[in-house]
Amino acid sequence: MGYFLFFLLAALTVGAVLAMIISKNQAYNALFLILAFACLGGIFALLEAPFIAVVQIIIYAGAIMVLFIFVIMMINVRYGIPAEKKKWTIYLSIVLAVVLIIELILSIKGAFTLPVSTAIIKAGPTDLGRLLFTKYLYPFEITSILIIAALVGAIVLIKKKEKK
Amino acid sequence: MIPPNYFLILSVILFVLGSVAFFVKKDLITMFMSIEIMLNAANLAFITLARSANSADGQIIVFFIITVAAAEAAVGLAIILLIFRQKKTIKSEDIKLMKG
Chain A
2 MGYFLFFLLA ALTVGAVLAM IISKNQAYNA LFLILAFACL GGIFALLEAP
52 FIAVVQIIIY AGAIMVLFIF VIMMINVRYG IPAEKKKWTI YLSIVLAVVL
102 IIELILSIKG AFTLPVSTAI IKAGPTDLGR LLFTKYLYPF EITSILIIAA
152 LVGAIVLIKK KEKK
Chain B
224 MIPPNYFLIL SVILFVLGSV AFFVKKDLIT MFMSIEIMLN AANLAFITLA
274 RSANSADGQI IVFFIITVAA AEAAVGLAII LLIFRQKKTI KSEDIKLMKG
């Protein structure tokens, strides 16, 4: 059952990302990406990280992608962006992708021999919250400052200049 | 239980697909989306290794990655909107003001 769910979700994720690469319409791209993120949320749930799975669906598939769709609607490009004319860049990127995939698999090869863990990890909201406010308190505060900076930065960037 | 290397290979595939999408696509918004795919591949690797190490610390890191991704999305989309306002285009090859 677990294998079936994993392969179903993995195939859906990879298929949605491939469809995003092929499709030219930006709104469809955003919808494919929502599908990919939702399936990744399911994979996180398979890895016994239920809270992260819910956060993934709420924040990524919900908030961030809604932001993307808002910007796509505001920009409103009527026709799709035409594909790359120069074919050699596509071939070059395929070659680079093969090189990158070999390199990454070699680099994570040491993790392939890890034993399958069957112990239950405590990763409920209570445990994560306790960890977040004790061991990771400083990163948490720094992240809050980062979010404030990003918020103010986005507003300052997008604000129209007042005409005198 | 599913062994962790399945998840790690899925993470590698997603990362490579994200980087290929970044190089192949031509509009800024889709390029930005492929960055999000790469971040998610990193999240998957973190959660897989946290699972096999029996600790919840990897999941906390994923929290921070998600918050940083949200902040980055807000600023990046603001910059894309600014570029569109000035140049009326979001094709990456039309933005070559600093190209020598």
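Chains A and B are the protein sequences, given in the same order.
Quick note: the first sequence uses our numbering, first residue 2, plus one each step.
Quick note: the second sequence uses our numbering, first residue 224, plus one each step.
From the three backbone atoms N, C-alpha and C, an ideal C-beta is built for every residue, glycine too.
Small disclaimer: the values here were computed from a predicted structure and weren't measured.
When you compare each of Ile258/B, Ile318/B, Ile313/B, Gln282/B to alanine 124/A by their alpha carbons, which one comes out closest?
Gln282/B
Span separating the alpha-carbon of serine 94/A from that of methionine 254/B:
14 angstroms
Based on the DSSP secondary-structure assignment, which residues constitute the bridge partners of threonine 160/A?
Correcting the residue type first, residue 160/A is lysine in the shown sequence and not threonine. DSSP lists no partner for lysine 160/A.
Would alanine 265/B count as contacting chain A if we go by Cβ distances under 8 angstroms?
no
Out of curiosity, what's the CA-to-CA distance linking phenylalanine 269/B and valine 298/B?
25 angstroms
Please name the residues in the stretch 123–142 of chain A whose beta-carbon is closer than 7 angstroms to at least one beta-carbon of chain B, in chain order.
Among the residues of the stretch 123–142 of chain A, those with a Cβ less than 7 angstroms away from any Cβ of chain B are Lys123, Ala124, Asp128, Leu129, Leu132, Leu133, Tyr137, Pro140, in the order of the chain.
Is there a C-beta anywhere in chain B that falls below 8 angstroms from the one on glycine 111/A?
no
DSSP bridge partner residues for lysine 325/B (one or two, in chain order)
The structure shown does not extend to residue 325/B, since chain B is modelled only from 224 to 323, so the question has no answer here.
Taking Cβ positions only, does leucine 305/B come closer than 8 angstroms to chain C?
Of the protein chains in the structure, A and B, none is chain C.
Whole runs of the alpha helix (DSSP H) within the stretch 71–139 of chain A, excluding any shorter than 4 residues
Here the runs fully enclosed are 88–108, 126–135.
Determine the DSSP secondary structure at asparagine 257/B, reduced to helix, strand or coil.
The question names asparagine, but residue 257/B in the sequence shown is serine. Of the three classes helix, strand and coil, the one that applies to serine 257/B here is helix, per DSSP.
What residues of chain A sit near methionine 224/B, judged by a beta carbon separation below 8 angstroms?
Gly3, Val117, Ser118, Thr119
Counting only beta-carbon separations shorter than 8 angstroms, does methionine 21/A have a partner in chain B?
By this cut-off, methionine 21/A is an interface position.
State the start and end residues of the unbroken alpha helix (DSSP H) segment that holds glutamine 27/A.
27–47
Proximity winner among Ala37/A, Leu132/A, Gly43/A, relative to valine 15/A (alpha-carbon distances)
Ala37/A
Answer yes or no: do isoleucine 190/A and alanine 279/B have a C-beta to C-beta separation smaller than 8 angstroms?
Since the first and last residues shown for chain A are 2 and 165, residue 190/A lies out of range.
Three-pair Cβ contact test at 8 angstroms for the stretch 230–246 of chain B versus the stretch 91–109 of chain A:
yes
Use the C-beta contact count for aspartate 220/B: other C-beta atoms within 10 angstroms, 16 or more gives buried, fewer gives exposed.
No answer is possible for residue 220/B: it lies beyond the span of chain B, which begins at 224 and ends at 323.
Can you say whether glutamine 309/B is buried or exposed, counting buried as having 16 or more other CB atoms within 10 angstroms of its CB?
exposed
What would DSSP say about proline 227/B, mapped onto helix, strand or coil?
helix
Segment contact flag, the stretch 241–261 of chain B with the stretch 140–156 of chain A, C-beta cutoff 8 angstroms, min 3 pairs:
no
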